[in-house]
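A short worksheet on the structure shown next.
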Amino acid sequence: NERHISTPTRTKELLKKYNFSFKKSLGQNFLIDTNILRNIIHHAGVTEDVGAIEIGPGMGALTEQLAIAANKVLAFEIDQRLLPILEDTLSPYDNVKVVNEDILKADVEQELQQYFGDQKVKIVANLPYYITTPILMNLLTRNLPISSITVMIQKEVADRMAASPNTKSYGSLSLAVQYYTEAAVVMTVPKTAFMPQPNVDSAVLHLAVRSEPPVHVEDEKFFFDLIQASFGQRRKTLRNNLNRHFSSRFSKDELEEIMNEAEIDGTRRGESLSMEEFAALANTFTAKG
Ligand code: SAM
Numbered sequence: 013n014e015r016h017i018s019t020p021t022r023t024k025e026l027l028k029k030y031n032f033s034f035k036k037s038l039g040q041n042f043l044i045d046t047n048i049l050r051n052i053i054h055h056a057g058v059t060e061d062v063g064a065i066e067i068g069p070g071m072g073a074l075t076e077q078l079a080i081a082a083n084k085v086l087a088f089e090i091d092q093r094l095l096p097i098l099e100d101t102l103s104p105y106d107n108v109k110v111v112n113e114d115i116l117k118a119d120v121e122q123e124l125q126q127y128f129g130d131q132k133v134k135i136v137a138n139l140p141y142y143i144t145t146p147i148l149m150n151l152l153t154r155n156l157p158i159s160s161i162t163v164m165i166q167k168e169v170a171d172r173m174a175a176s177p178n179t180k181s182y183g184s185l186s187l188a189v190q191y192y193t194e195a196a197v198v199m200t201v202p203k204t205a206f207m208p209q210p211n212v213d214s215a216v217l218h219l220a221v222r223s224e225p226p227v228h229v230e231d232e233k234f235f236f237d238l239i240q241a242s243f244g245q246r247r248k249t250l251r252n253n254l255n256r257h258f259s260s261r262f263s264k265d266e267l268e269e270i271m272n273e274a275e276i277d278g279t280r281r282g283e284s285l286s287m288e289e290f291a292a293l294a295n296t297f298t299a300k301g
C-alpha cells in the first residue's frame, strides 16, 4: 500500500510536516521498506492471535505492520517528540498502545500483564543500536513471559550473539544469549532500507526463548564469571586465563585438579569450549568451594 508509513515518500512527508530531526544519540534510523518489515514479522511468527511488544516505534513503520498482523501491540518509545506523530500515523489502528518510557526503566512485566493478560507475547523491534546488548540482556534476565524476540540489530552483534564455538564471533555474549534462547541470524538488511542510513551493517536476529536453560548450573553468577575469565585474553590458553583470574582464590595445582576433574584440557582456548563444557567446569569449581 502506497500510504503505508514505511515508504520513503510518506516518511519524508512526515518528517517535514512535524519538522522532525533525527537524534543520532537515540539510534534513530527508521525503516523505509515495507517488504523488509513484513519479512521481519514473518520470521517473528507474529499472527493474529499473538500480542507484540515493540521497543522504539519511531514514526510507526514497524508498529503499523505489527498492528495489521498481530492481535495487539504495546510499544515503548523514549522520545517524547514522536508521540504526536505516532498518534497521527497510527490513528487508523485501534489495537496499539504507545508508552512514553525508556525500555530500560519501564516496569515491562507490569505493563505486559496489564495489556496482554495471559496472551502469548513476542518482542519485535528495530532496536536503537547504541543499547542493543543492555536491552536484550535486560529483557532476557528478567524472565518475562515472552516466547521470542526478533530484532534488527548491528550485524556484527547479531553474529556474536548467534555464534558457535571455534568461530571468530564466539564469546561470552554468545553464551549469555544462548543460555536463555536459541539464537539465529535470519536476514541481513542493506543500509538503503533505512532513513538515515546507519554506518554499520544490519541483520535480523531471532531468539526463541527457552523454557529452561540447556545446561544445569549450580551457581549462575559464577558460571558467567568463569566464562568472562576464560575469554579474558582470547589468544591465551584456558589455563593462563584461569590462573590470572582466580590466582587469589585457587592455587595453580588446585586449578589443574579442577580442569582434570572436569576433563577439560588446559591448553585449549576459551573459544573452543561449548556451553556444556563451561557448565561442567563451573560445577566442578562450585563443588570445590
Ligand atoms: N521502529 C522504527 C522503525 O523501524 O522505523 C524506529 C527504529 S529506530 C532504529 C529506534 C527507536 O528507538 C527510535 O524511535 C528511538 O527514539 C527509540 N529509542 C531509543 N532508545 C530508547 C529506549 N531506551 N527506550 C525506548 N525507545 C528508545
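Sequential numbering from 13 applies to the sequence shown in my numbering.
Just so you know, even glycine gets a beta-carbon here, dropped at the ideal spot from N, CA and C.
On a predicted model such as this, the values are computed, not experimentally measured, just so you know.
Quiz prompt | Reference Phe236, options Gly129, Gln166, Thr153 and Thr21, closest by Cα | solution = It is Thr153.
Exercise. Count the other C-beta atoms from every protein chain shown that fall within 10 angstroms of the C-beta of His218, then say buried if there are 16 or more, exposed otherwise.
Key: The residue is buried, with at least 16 neighbouring Cβ atoms inside 10 Å.
Self-check item: Cβ neighbour criterion (16 or more within 10 Å) applied to Gly129
Solution: The residue is exposed, with fewer than 16 neighbouring Cβ atoms inside 10 Å.
Quiz item: How many whole angstroms separate the CB atoms of Gln166 and Thr144, which I take to be in contact at a CB cut-off of 8 Å?
Solution: Right, the Cβ-Cβ distance comes to about 7 Å (below 8 Å), so this counts as a contact.
Quiz item: Whole beta strand (DSSP E) runs in the region 61-109 with 3 or more residues, listed along the chain?
Solution: Inside the region 61-109, DSSP marks whole beta strand (DSSP E) runs of 3 or more residues at positions 63-67 and 84-88, from first to last along the chain.
Quiz item: For Ile143, is the beta carbon positioned less than 7 Å from some heavy atom of ligand 1?
Solution: Answer for Ile143: yes, Cβ within range of ligand 1.
Self-check item: Under 8 Å between C-beta atoms of Val108 and Val133
Solution: Not in contact: Val108 and Val133 (Cβ atoms no closer than 8 Å).
Quiz item: Looking at C-alpha atoms only, which residue of Met287, Ala188, Ser184 and Glu168 is the closest neighbour of Val216?
Solution: Comparing alpha-carbon positions, the option among Met287, Ala188, Ser184 and Glu168 lying closest to Val216 turns out to be Glu168.
Self-check item: Residues near Tyr182 in its chain [Cβ-Cβ closer than 8 Å; skip 5 each side]
Solution: Within the same chain, Arg172, Ala175, Ser176 and Glu283 come within 8 Å of Tyr182 by CB-CB distance, once the 5 residues on both sides are set aside.
Quiz item: From this set, Lys35, Asn83, Thr23 and Tyr141, which residue's C-alpha is nearest Ile67's C-alpha?
Solution: Looking at the Cα atoms, Tyr141 is the closest of the given residues.
Practice problem: On a CA-only basis, which of Asn138, Arg222, Asp213 and Gln125 is nearest Ser160? Give me that one, please. | Solution: Comparing Cα positions, the closest option is Arg222.
Quiz item: Going by C-alpha distance, which of Asn138, Asn51 and Leu293 is nearest Ser214?
Solution: Taking only the C-alpha atoms, the option nearest Ser214 is Asn138.
Quiz item: Cβ of Asp106 within 7 Å of any heavy atom in ligand 1?
Solution: No, the beta carbon of Asp106 sits no closer than 7 Å to any heavy atom of ligand 1.
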